[in-house]
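Colleague: Sharing a structure here in structure tokens format.
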Amino acid sequence: MGTEKVVETVCRGTVVKGEEVEAGVPERIRKYKEKVLNTPLQTDIERMLWYTRVYKATESQPIGPCMRAAMAFRETLRNMSIRIEDEELIVGCWAGKRGGIPLGVEVFGPASREILMPLLFRNNPEKIKEAFQDGIGSLSAERLMELAKSLSDEEFRLLTTEIIPYWRERSVSALITRKFAEEGLLGEPIKIPDEFVEKYKFIWSAPYDMDCLVAVTPMQGHITIGTKKVLDLGFRGIARQAQERLEELRKSLPEDSEEFKKAKDFLEAVIVSAEAVCEFAERFAVLAEDLASKAGDERRRELLEVAKRIRRVPAEPPSTFVEALQAIWFTQVVMAIAYGGEMIIAPGRVDQYLYPYYKQDVESGRITPEKALELLMEYLIKVAQDIYFGPNNITIGGVDRNGNCAVNDVSYLFIEALKRLRGCGRTGLAVRVAPNTPRDFLLKAAEVYRVTGGVAFHNDTTIIRGLVADGYLIEDARDYSIVGCVEPTGSGNNNGYTSGQCIRLPSVLEAALNGGRLHILGWKQVGAETPTNFERFEDVLKAFEKQIEYAVDLCVRKSYIKDMIIAENYPVPILSATIEGCIESAKDFTSGGAKYNHSNVSAQGIATIANSLAAIKWAVFDKKLITMQELLSALRSNFKDSEEVRQILLKAPKYGNDDPYVDELALWAAKVLDREARKRMCWMGGPHRTCLISVSGTQILEGKLIGATPDGRLAYNPVAIGINPVDGTAKNGLTAVLKSAAVVSKANQSDGTSLTLNLNPATIKSSEGLEKFASLIEAAFELGCRMVQFNPLSKETLLDAQKHPEKYPDLVVKVSGYSFRFVDLPKVLQDEIIARFEYEA
């Protein structure tokens, strides 16, 4: 059945109003979605407990880090609780508790710390609203209260007496902090301004966030797993590949050499881990058979089919569409367990992987498009169960490895599935758009915005060009997928690692204007020593450039230490087994075993920077309305008694209005950042790529570290997100915003940029409006924008959802690059989204 026929029979005529869309959702799926949405967030300690016990028991044993990780992974899969929900046909869970998260206690990154912190109030959950009234990261105080209530007394005892004490000095967080201190890289404690010391005290709990110019977390992650390899070989085939590679090395390397010992540690760990996955699948088969013995006729038949299917995949290659989908989901499950929840993984180009099975099954009559659509809806809901530990992008569309249009029937079905579900939490569709993408496909994807968010558009032309410049073969570049928020990466062939550290650009500018000193540290020297007598605008640019160089160098030195510690202590052999190059090189991907290796330096607030530089140039040097000393004095006092100066600065040209005066400054800053990052190699052996994104409210938290800026922004207010304009400063409409974004996109931020705009939903209500909207996306990509995504919600709807969350259980918004249920966000993030300007198409 061709794409046109699928669209006609399944997808057409369903996008009108929400009630009509939901009419196309089977009762099984409706119940399943309702169950997932209504599940309280849970703290699940099972992964933490078994990793703790295995690492503790093997401390004195002569085994390598890869085998140690494999043993912990195996014991977790053997002992963790499992479940099959009444509504499920595709099975697999990453935590015993519904709503639970497999926390990576060995990393103990921000997500682990923030999820465990509310447990301090488990005996008085109402205190959470007082202590964390603005939430933490992406979670509201109400969600944090659920976490506080979720542990039994025995679980709390195990957590506080066995788990946390063991990792207190052994986690990546602890190890990098110690190493930073030894190398003189640990930042100074922050002097928190009195006006928000209590309200935001949770921000300062992490020692790796203390230097203000940069932030290096213990995390890596943001990797697209080798889904296609699992489908081609199955985990038994992967184990055989590792065994064959080990035998080859026995013939070519001395067995007492360090090279062979490390290779043997990795390859044997792959075998153990792959066998553990097959054992884990068998546990679900046994459970399905047990449940079948107690079920009615129809459910008994379904469960016996589940048991048969899970015994075949992912151990062996799938032979049908439903087997392929089961293998894909189960692979995501075990990778989340192995890597630890907050590291963030993506399944890749799932429409491409599923299409051959779909085509074969439809042609043979084994499955109908309607049934395939139902299964995809279940899959999207499953992915949405991950409420906290990372964006879940599923990449569809674009071109294939030969440059031909890759849009297929399954691409359309994914769009229809999301549309009928009216969004699905953190599940997002990354829609790749190429010059040869069918117009009808673009319209169908844009049509989703009539009922929900959760869709982002990515420009094949610009992204593929950037990946080739990074050293990717053209075929691999064309096969890219999106991971994390918006980051392009290879599909199962690289250590994507697109996040984990950043430089705080607005802080860097503050340092440039004050000789390397920052207001929040009491004007202590933390950056490079640069002159403070600015006689020309070029002197400002030169000081800023010097501070960027210093900050990037600091960031890279710290991330190098972090990556070394992870590779030497906490590799992930099962994930590496799916990545092209790792078994071939007999190296874990954390040690540079992948075909492509690179790291990341991210930043945000480019509009804050561009507007600030433009204000200095315009007000001080071009128009001579104020002196540089007047500006610096006003900034240092947060414009106290200097409101006239602030009003002058607010009148300066602003990014987002298609004004070269300021847009070119944004491009200059982005190029300097990228140039400095690419000069420096990472631990894995590749370059540092750069991105301009914001995640989990960092635009708000980062703003709390920064004094007043020359664009007129008051101290401690949010900075601009991604490559968005500063809220309220884009006066010339959506087209002008896209033109400014296209200018910034000329810099090779090949690690991604996020452009997230609020769209008046009335704009796309008519067919004519939808056509214009699709043309706008095409025009933006012709100009060179890397990506763009929208929140198709009116301010009135968002305000009502904030006031009456019970009426909007499935309202999905784009926070920055990632999708999230609006009602789960902390109020401070809800307010920031509401404050964004609402554009017309």
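Just so it is clear: in the sequence shown, position 735 is 736 by this note's numbering, and no numbers are missing.
Yeah, the Cβ is synthetic: ideal placement off N, Cα and C, and Gly gets one too.
Quick caveat, the model's predicted, so the values are computed rather than measured.
Rounded to whole angstroms, what's the CA-CA distance from ALA595 to LEU651? Just pull it up for me.
Modeller: Along the sequence shown, one-based indexing puts residue 595 at 594. Along the sequence shown, one-based indexing puts residue 651 at 650. Approximately 48 Å, taken between the alpha carbons.
Colleague: At what residue ranges does the segment 655-723 contain a whole run of the beta strand (DSSP E), taking only runs of 3 or more?
Modeller: The segment 655-723 contains these whole beta strand (DSSP E) runs: 689-693.
Colleague: Going by other Cβ atoms of all chains shown within 10 Å of its Cβ, with 16 needed for buried, is ASN125 buried or exposed?
Modeller: Mapped onto the sequence shown, residue 125 falls at position 124. Its Cβ having fewer than 16 others within 10 Å, ASN125 is exposed.
Colleague: How about ARG313: is its Cβ closer than 8 Å to a heavy atom in the ligand MN?
Modeller: Among the components of this structure there are no ligands whatsoever, and the ligand MN is therefore not found.
Colleague: Is LYS98 helix, strand or coil when you go by DSSP?
Modeller: Translated into the one-based positions of the sequence shown, residue 98 becomes position 97. Here LYS98 sits in coil by DSSP.
Colleague: I'd like the list of long-range same chain contacts for GLU585, defined as Cβ closer than 6 Å, with 5 residues on each side in sequence excluded.
Modeller: Along the sequence shown, read from residue 1 onward, the residue named residue 585 stands at position 584. For GLU585, where only same-chain residues beyond five positions count, there are no Cβ hits under 6 Å.
Colleague: Between HIS459 and GLY404, is the Cβ-Cβ spacing less than 9 Å?
Modeller: The residue labelled residue 459 in the question sits at position 458 within the sequence shown. The residue labelled residue 404 in the question sits at position 403 within the sequence shown. Result no, Cβ atoms of HIS459 and GLY404 do not sit closer than 9 Å.
Colleague: Who are the near neighbours of ASN394 in its chain, counting only those whose CB is closer than 6 Å to its CB and skipping five residues on each side?
Modeller: In the sequence shown, the residue the question calls residue 394 occupies position 393. Cβ neighbours of ASN394 beyond the five flanking positions: ALA347, GLY429, ALA431, ILE483.
Colleague: Does DSSP put ASN612 in a helix, a strand or coil?
Modeller: As a position in the sequence shown, residue 612 is number 611, starting the count at 1. The answer is helix: DSSP assigns ASN612 an H, G or I state.
Colleague: Can you check which of these residues, VAL108, GLU147, GLY686, ILE224, is closest to THR178 by C-alpha distance?
Modeller: One-based indexing of the sequence shown puts residue 178 at position 177. For the residues VAL108, GLU147, GLY686, ILE224, the minimum Cα distance to THR178 belongs to VAL108.
Colleague: On a CA-only basis, which of VAL434, LEU756, ILE475, CYS279 is nearest ASP461? Give me that one, please.
Modeller: By one-based count along the sequence shown, residue 461 stands at place 460. Closest option to ASP461, Cα to Cα, is VAL434.
Colleague: What is the DSSP secondary structure of MET788, reduced to helix, strand or coil?
Modeller: Taking the first residue of the sequence shown as 1, we reach residue 788 at position 787. Correct three-state label for MET788: strand.
Colleague: Taking C-alpha atoms, which residue in GLU324, HIS689, PRO436 lies nearest to ARG367?
Modeller: Along the sequence shown, one-based indexing puts residue 367 at 366. When only C-alpha atoms are compared, the closest one is GLU324.
Colleague: With DSSP collapsed to three states, give me the class of ALA407.
Modeller: In the sequence shown, the residue the question calls residue 407 occupies position 406. Note: ALA407 maps to coil in three-state DSSP.
Colleague: According to DSSP, what are the bridge partners of ALA316?
Modeller: Locating residue 316 in the sequence shown gives position 315, where the first residue counts as 1. Paired residue(s): none; ALA316 is not in a bridge.
Colleague: For the 8 Å Cβ check, are there 3 or more pairs between the segment 492-509 and the segment 680-700?
Modeller: These segments touch.
Colleague: Excluding the 5 residues flanking ALA781 on each side, which residues of the same chain have their C-beta closer than 6 Å to its C-beta?
Modeller: Locating residue 781 in the sequence shown gives position 780, where the first residue counts as 1. Answer for ALA781: LEU739, VAL789, listed in chain order.
Colleague: Just curious, the beta strand (DSSP E) that CYS503 is in, first and last residue?
Modeller: The count along the sequence shown starts at 1 and reaches residue 503 at position 502. It spans 502-504 - the beta strand (DSSP E) in which CYS503 sits, taken as one unbroken run.
Colleague: Buried or exposed: which applies to GLY297, given that a residue is buried once 16 or more other Cβ atoms fall within 10 Å of its Cβ?
Modeller: Against the sequence shown, residue 297 aligns to sequence position 296. So GLY297 ends up on the exposed side.
Colleague: Opposite PRO489 in the DSSP bridges: which residues?
Modeller: If you number the sequence shown from 1, residue 489 lands on position 488. Per DSSP, ILE483.
Colleague: Sort LYS543, LYS309, LEU104 by Cα distance to VAL673 and report the nearest one.
Modeller: Along the sequence shown, one-based indexing puts residue 673 at 672. Nearest of LYS543, LYS309, LEU104 to VAL673, Cα basis: LYS543.
Colleague: Leaving out the 5 sequence neighbours to the left and right, which residues in its chain are closer than 7 Å to GLU163 when beta-carbon positions are compared?
Modeller: Numbered from its first residue, the sequence shown carries residue 163 at position 162. THR53.
Colleague: Should ARG427 be labelled buried (16 or more other beta-carbon atoms within 10 Å of its own) or exposed?
Modeller: Taking the sequence shown and counting its residues from 1, the one referred to as residue 427 is at position 426. Label assigned to ARG427: buried.
Colleague: Can you tell me the Cα-Cα spacing of SER600 and GLN221, whole angstroms?
Modeller: Within the sequence shown, the letter at position 599 stands for residue 600. Within the sequence shown, the letter at position 220 stands for residue 221. C-alpha separation (whole angstroms): 9 Å.
Colleague: Just list the residues that DSSP pairs HIS459 with in beta bridges.
Modeller: The residue labelled residue 459 in the question sits at position 458 within the sequence shown. Paired residue(s): ARG433, MET788.
Colleague: Could you name the residues of the same chain whose beta carbon sits closer than 6 Å to that of ASP210, not counting the 5 residues immediately before and after it, in chain order?
Modeller: Taking the first residue of the sequence shown as position 1, residue 210 is located at position 209. In this predicted model, ASP210 has a pLDDT of only 45, less than 50, meaning its place in the structure is not dependable; the value taken from the coordinates is given anyway. Answer for ASP210: ALA216, listed in chain order.
Colleague: Would the beta-carbon of ASN658 fall within 9 Å of that of THR754?
Modeller: Position 657 of the sequence shown, counting from 1, holds the residue named residue 658. Position 753 of the sequence shown, counting from 1, holds the residue named residue 754. No, these two residues do not count as a Cβ contact at 9 Å.
Colleague: If we ignore side chains and look at the alpha-carbon of each, how far apart do ARG787 and VAL663 end up?
Modeller: Position 786 of the sequence shown holds residue 787. Position 662 of the sequence shown holds residue 663. Those two C-alpha atoms are separated by around 20 Å.
Colleague: If I follow the unbroken alpha helix (DSSP H) through GLY235, where does it start and stop?
Modeller: Your numbering for residue 235 matches position 234 in the sequence shown. Unbroken alpha helix (DSSP H) run through GLY235: 228-253.
Colleague: By the three-class DSSP mapping on this structure, what secondary structure does ARG123 have?
Modeller: Translated into the one-based positions of the sequence shown, residue 123 becomes position 122. Note: ARG123 maps to coil in three-state DSSP.
Colleague: So, do the segment 286-294 and the segment 64-81 have three or more beta carbon pairs nearer to each other than 8 Å?
Modeller: The segment 286-294 is not in contact with the segment 64-81.
Colleague: Can you tell me whether THR757 is buried or exposed, with buried defined as 16 or more other CB within 10 angstroms of its CB?
Modeller: Translated into positions along the sequence shown, residue 757 becomes position 756. Its Cβ being crowded by 16 or more others within 10 Å, THR757 is buried.
Colleague: Rank PHE415, ARG251, ARG479, SER508 by C-alpha distance to the C-alpha of GLU448 and give the top, closest one.
Modeller: Along the sequence shown, read from residue 1 onward, the residue named residue 448 stands at position 447. Nearest option by C-alpha distance: PHE415.
Colleague: How is ASP210 classed by DSSP in three states: helix, strand or coil?
Modeller: Position 209 of the sequence shown, counting from 1, holds the residue named residue 210. No answer about ASP210 holds up, because its pLDDT of 45 lies below 50 and its placement is not dependable.
Colleague: Mind checking who GLN526 pairs with in its DSSP beta bridge?
Modeller: Position 525 of the sequence shown, counted from the start, is the residue given in the question as residue 526. Per DSSP, ARG518.
Colleague: Rounded to whole angstroms, what is the Cα-Cα separation between ASN494 and GLU28?
Modeller: The residue given as residue 494 occupies position 493 in the sequence shown. The residue given as residue 28 occupies position 27 in the sequence shown. If you take the alpha carbons of ASN494 and GLU28, they lie about 39 Å apart.
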